[in-house]
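Residue numbers (the working numbering), protein chains in the order written: chain V, 43 to 147; chain H, 54 to 207.
And the structure:
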């Protein structure tokens, strides 16, 4: 299932912020379904990697305590993230689902 | 009661089996380092830090800045920004002291600036602990956040 990835960049004073959000339920495994009275199984993103021009920039470990539709933001110096630089976001979750998105600044 | 524990047990087992199955089916995943399961399932902050970074000895540092609300109206989405003005930041972690599993998220940085922004879930009012690993050392700072579940202030 494809999940939407939103990718934004913002530059100010020599720093570029790369901000990404993945549409994902991020179930903690603690919530109970009101109708069936059963626990909703855990379902959350474990790994989210940000690559800049083919090089790994950051690798985030997310857990069940990251919010629904988790947001991850990192900053790099604008010298590295120039106009035309390629960014790639890829994620995978505890059920083996994954997705990725590429964009150019 | 017995039936309930049985259900719980089978469901938890099922999730693990699914995760293991997925791992076995796709051995060549893009992600090199594995997800630190032990750190994320730890029940106390020192245990989580130790499982994640190998040591729970932390010092304080003036360079760590936590940008988070004093009062969060919605515990399901608490926006947090951590800025670390320390040389050679390798990793930043966020922990919430009163969550069942305190470790919320961590990020390994490769050439990025000492900054991490994420939205977290918080069960109730408690401390947010930021741990920064820089130059092989661990630094910690905490920030109290009040969570008003109903969203009506208080």
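Glycine included, each C-beta is placed from N, C-alpha and C at the ideal position.
Beta-carbon contacts of residue i that lie in its chain and below 7 Å, excluding the five residues immediately before and after
i                      : result
residue 150 of chain H : 98, 179, 180 and 182
residue 103 of chain H : 109
residue 188 of chain H : 140 and 141
residue 50 of chain V  : 61
Within chain H, the residues that residue i reaches when beta carbons sit closer than 8 Å
i                      : result
residue 108 of chain V : 157, 158, 171, 172, 173 and 174
residue 119 of chain V : 166
Rounded separation between residue i and residue j - CA only
i                      : j                      : result
residue 134 of chain H : residue 112 of chain V : 13 Å
residue 137 of chain H : residue 167 of chain H : 5 Å
residue 145 of chain H : residue 177 of chain H : 23 Å
residue 69 of chain V  : residue 197 of chain H : 25 Å
residue 143 of chain H : residue 190 of chain H : 10 Å
residue 92 of chain H  : residue 184 of chain H : 13 Å
residue 194 of chain H : residue 120 of chain H : 12 Å
residue 113 of chain H : residue 147 of chain H : 15 Å
Listed by chain order, chain V residues near residue i by CB distance under 7 Å
i                      : result
residue 161 of chain H : 100 and 101
residue 89 of chain H  : 103
Residue i, DSSP secondary structure in three states
i                      : result
residue 100 of chain H : helix
residue 157 of chain H : strand
residue 163 of chain H : coil
residue 123 of chain H : coil
residue 187 of chain H : strand
residue 124 of chain V : coil
Listed by chain order, chain V residues near residue i by CB distance under 8 Å
i                      : result
residue 152 of chain H : 107
Residues near residue i by beta carbon distance below 6 Å, same chain, minus five either side
i                      : result
residue 144 of chain V : 130
residue 125 of chain H : 131, 198 and 200
residue 33 of chain V  : It is not possible to answer for residue 33 of chain V, since the shown part of chain V is limited to 43 through 147.
residue 74 of chain V  : 81
Cross-chain neighbours of residue i in chain H, by beta carbon under 9 Å
i                     : result
residue 57 of chain V : 166 and 168
Cutoff 8 Å: residue i Cβ touching any chain B Cβ
i                      : result
residue 149 of chain H : Absent from the structure: chain B. Protein chains present are V and H.
> What residues in the region 105-132 of chain H bring their beta carbon closer than 8 Å to a beta carbon of chain V?
Replying inline: The residues in question are 129, 130, 131 and 132.
> Just by C-beta distance, which residues in the region 68-88 of chain V are closer than 9 Å to chain H?
Replying inline: Legend: CB atoms of the region 68-88 of chain V lying less than 9 Å from CB atoms of chain H belong to residues 68, 70, 71, 72, 80, 81, 83, 84, 85 and 88.
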